[in-house]
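Q: So the sequences go chain by chain: A and B.
Under the numbering used here, residues 490 to 602 are what the first sequence spells out, in order.
Under the numbering used here, residues 865 to 978 are what the second sequence spells out, in order.
Here a beta-carbon is modelled for each residue, glycine too, at the ideal position from N, C-alpha and C.
As the structure is a computational prediction, the values presented were derived from the model and not from experiment.
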Amino acid sequence: QQQVKQSPQSLIVQKGGIPIINCAYENTAFDYFPWYQQFPGKGPALLIAIRPDVSEKKEGRFTISFNKSAKQFSLHIMDSQPGDSATYFCAASLQTGANNLFFGTGTRLTVIP
Amino acid sequence: GAGVSQSPSNKVTEKGKDVELRCDPISGHTALYWYRQSLGQGLEFLIYFQGNSAPDKSGLPSDRFSAERTGGSVSTLTIQRTQQEDSAVYLCASSLALGGYIQYFGAGTRLSVL
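Below, the structure written as structure tokens:
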């Protein structure tokens, strides 16, 4: 059973556009929601993360919006650049215990110059 | 080292052979995780270590998979009698400790079983 569902599978935007990637989770006990960015041939790298006690977090051009009642969260990339072209994974975890990450299936973003 | 190191970066093997994948975590990181990334899938959690101990092995896909960690540092993931469905990228991550710490990933080992 996929604990975290992610959409869309792929996304193409023009430079300067605002791609939005959406995720939904099942387990209401999850208390940590990171987004990872992965370039070809590299491992995922943490981009930004949020905890469920806040509804929004911004770091530079990246914003997470979090809706606890709907069990959904999303990533917005402002003023997207060709260098943002990568695969983005949302994830969720329980910070007590193992803290292993449950990942979404990924979104391949292409930003056209 | 500066980051999580995994070797080999690529491994091609024949069905039925055993393979060993190695992970060198960031120095001082006590927690270590193994994930598998299959084509078109997200990352699937396999196993974690706190120090040299792996308290829960239920995430391993089958009894052909095993993992160990020695000296609180290097970990190896062993797949015995490899099958074609084992073909994937195997990723290792480490964090300072369990709990609310960032997991840092290596570049992975791409395993191809022919």
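What does a CB cutoff of less than 7 Å around residue 600(A) pick up in its chain, not counting 5 residues either side in sequence?
A: The residues are 502, 504, 569, 570, 571, 573, 574.
Q: State the beta-bridge partners of residue 523(A) as determined by DSSP.
A: Looking at the DSSP assignment, residue 523(A) forms a beta bridge with 538(A).
Q: Do residue 885(B) and residue 973(B) count as a contact pair if the criterion is CB distance below 8 Å?
A: Going by C-beta atoms, residue 973(B) is nearer than 8 Å to residue 885(B).
Q: Under 9 Å, CB to CB, which of the residues in the stretch 527-539 of chain A have a partner in chain B?
A: For the stretch 527-539 of chain A, which is checked against every Cβ of chain B, the residues closer than 9 Å are 527, 530, 531, 532, 533, 534, 535, 538.
Q: Compute the beta-carbon to beta-carbon distance between residue 554(A) and residue 545(A), rounded to the nearest angstrom, for a pair I have assumed lies under 8 Å.
A: So it is a contact: roughly 5 Å between Cβ atoms.
Q: Please look up how many angstroms separate the CB atoms of residue 938(B) and residue 887(B), rounded, as I've assumed it's under 8 Å.
A: Confirmed, Cβ separation roughly 7 Å.
Q: Alpha carbons only, please: which of 602(A), 512(A), 576(A), 590(A) is nearest the one belonging to residue 903(B)?
A: Checked all of 602(A), 512(A), 576(A), 590(A); the closest Cα to residue 903(B) is 576(A).
Q: Can you find a CB in chain E that lies within less than 8 Å of the CB of residue 587(A)?
A: Of the chains in the structure shown, none is chain E; the protein chains are A and B.
Q: Among 914(B), 944(B), 931(B), which one has its Cα closest to the Cα of residue 892(B)?
A: For residue 892(B), the nearest C-alpha among the options comes from 914(B).
Q: When the Cα atoms are used, what is the spatial distance from residue 580(A) to residue 542(A)?
A: So the alpha carbons of these two residues sit roughly 17 Å apart.
Q: Would you mind stating whether residue 563(A) and residue 507(A) have Cβ atoms separated by less than 8 Å?
A: No, they are not a contact pair.
Q: Name, please, each residue of chain A whose Cβ falls closer than 7 Å to the Cβ of residue 912(B).
A: Per Cβ cutoff of 7 Å: 587, 589.
Q: Here's a check: name, in chain order, each residue in its chain whose Cβ is nearer than 7 Å to the Cβ of residue 519(A), leaving out the five neighbours to either side.
A: Closer than 7 Å at Cβ, skipping near neighbours: 581, 582, 583.
Q: How would you write the range of the beta strand (DSSP E) that residue 914(B) sits in, first residue to last?
A: 907-914 is the span of the beta strand (DSSP E), which, as asked, contains residue 914(B).
Q: To the nearest angstrom, how far is it from the Cα of residue 500(A) to the Cα of residue 534(A)?
A: Each residue's Cα considered, the two are about 20 Å apart.
Q: According to DSSP, is residue 888(B) part of a helix, a strand, or is it coil?
A: Strand.
Q: Whose Cβ in chain A lies nearer than 9 Å to the Cβ of residue 954(B)?
A: Going along chain A, no residue has its Cβ under 9 Å from residue 954(B), so there is no contact; the nearest lies around 11 Å.
Q: What do you reckon, are the CB atoms on residue 516(A) and residue 496(A) nearer than 8 Å?
A: No. Outside cutoff.
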